[in-house]
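See structure below.
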Amino acid sequence: RAFQNFFRGLKTGRKVGFPKFKKKGRHDSFRLTGAIHVFERHIQMPRFGKIRVKEATEVQGRILSATVRREADRWFVSLAVEMEICDPIQVQGPAAGIDVGLSHFATIVSGSESVKIADPKPLNRYFKLLRRRQRRHSRKQKGSRNRKKSALQLARLHRRVRNIRQDFLHKLTTEL
């Protein structure tokens, strides 16, 4: 079909690009617009119907689109919502300086006192595991089932490391 569209475009005189091969599983994401409805524990999308979600969601605003994407072996839905812009809240209190470093995650200086924040502890264990799994993955024969299984394990581990980092950052910024 891509070639048919390409040659049809050439005949009509439109500026068209040569079709690119898009491997299955390379970028597993797509956007849906239109009839997207959010219920307490379900999201209803065109072509899929009602899909049960893990997190109870309440959307304030008009839903513009939904992006469905796959990470490792899980599927996620992101909603683009149009909302009213709120006035920013004025923060009262002392100012603090934050220095992000290499030996420590961050150093926070407030007035005359300084606090050093260490990296999240579980990361070191996962970094060792990552190194081992990456070495194991590099030895697998390209195109084999074992390589695909290894790639999935690696993707899961990368997702876990990313989740630990995000969780740490969210907790730290909330505390600050």
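Per the working numbering, residue 234 is the first one in the sequence shown, and the count goes up by one each step.
All C-beta atoms in this analysis are idealised placements derived from N, C-alpha and C, irrespective of residue type, glycine included.
Handout entry: Where the beta strand (DSSP E) containing F401 begins and where it ends
Key = Here F401 belongs to no beta strand (DSSP E); instead the alpha helix (DSSP H) covers 378 to 408.
Problem - Sufficient close CB pairs (3 or more, under 8 Å) joining the segment 385 to 399 to the segment 309 to 321 - result: Taking one beta carbon from each stretch, the segment 385 to 399 and the segment 309 to 321 have fewer than 3 pairs nearer than 8 Å; the two do not touch.
Handout entry: Assigned secondary structure, G242 (DSSP; H/G/I helix, E/B strand, else coil)
Key = Three-state result, G242: helix.
Handout entry: Candidates R303, S298, R302, D306: closest to A313 by CA position
Key = Minimum Cα-Cα distance from A313 among the listed residues R303, S298, R302, D306 corresponds to S298.
Problem - Straight-line gap, I284 to G258 (C-alpha atoms, nearest Å) - result: Going from the Cα of I284 to the Cα of G258 covers about 21 Å.
Problem - Residue burial classification, I276 (beta-carbon count within 10 angstroms, cutoff 16) - result: Under a 10 Å Cβ-count criterion, I276 is classified as buried, with 16 or more other Cβ atoms of the shown protein chains found around its own Cβ.
Problem - First through last residue of the beta strand (DSSP E) which encompasses R455 - result: This structure cannot speak to residue 455, because the chain is shown only from 234 to 409.
Problem - Span of the beta strand (DSSP E), counted from its first residue to its last, around K349 - result: Per DSSP, K349 is one residue of the beta strand (DSSP E) stretching across 346 to 350.
Problem - Residue from N396, I341, V342 whose Cα sits closest to the Cα of L356 - result: Of the listed residues, the one whose Cα sits closest to L356 is N396.
Practice task
Reducing DSSP to helix, strand and coil, say where Q374 ends up.
Solution key: DSSP places Q374 in coil when its eight states are reduced to three.
Handout entry: Contact check, L409 vs I331, beta carbons under 9 Å
Key = With contacts defined as CB atoms closer than 9 Å, L409 and I331 qualify as a contacting pair.
Exercise for the section: Classify F281 as helix, strand or coil using the three-state DSSP reduction. Expected result: The answer is coil: DSSP assigns F281 none of H, G, I, E or B.
Practice task
Specify the secondary structure class of A328 as computed by DSSP and reduced to three states.
Solution key: In the structure shown, A328 falls within a coil segment according to DSSP collapsed to helix, strand and coil.
Practice task
Pick helix, strand or coil for A313, following the three-state DSSP scheme.
Solution key: In the structure shown, A313 falls within a strand segment according to DSSP collapsed to helix, strand and coil.
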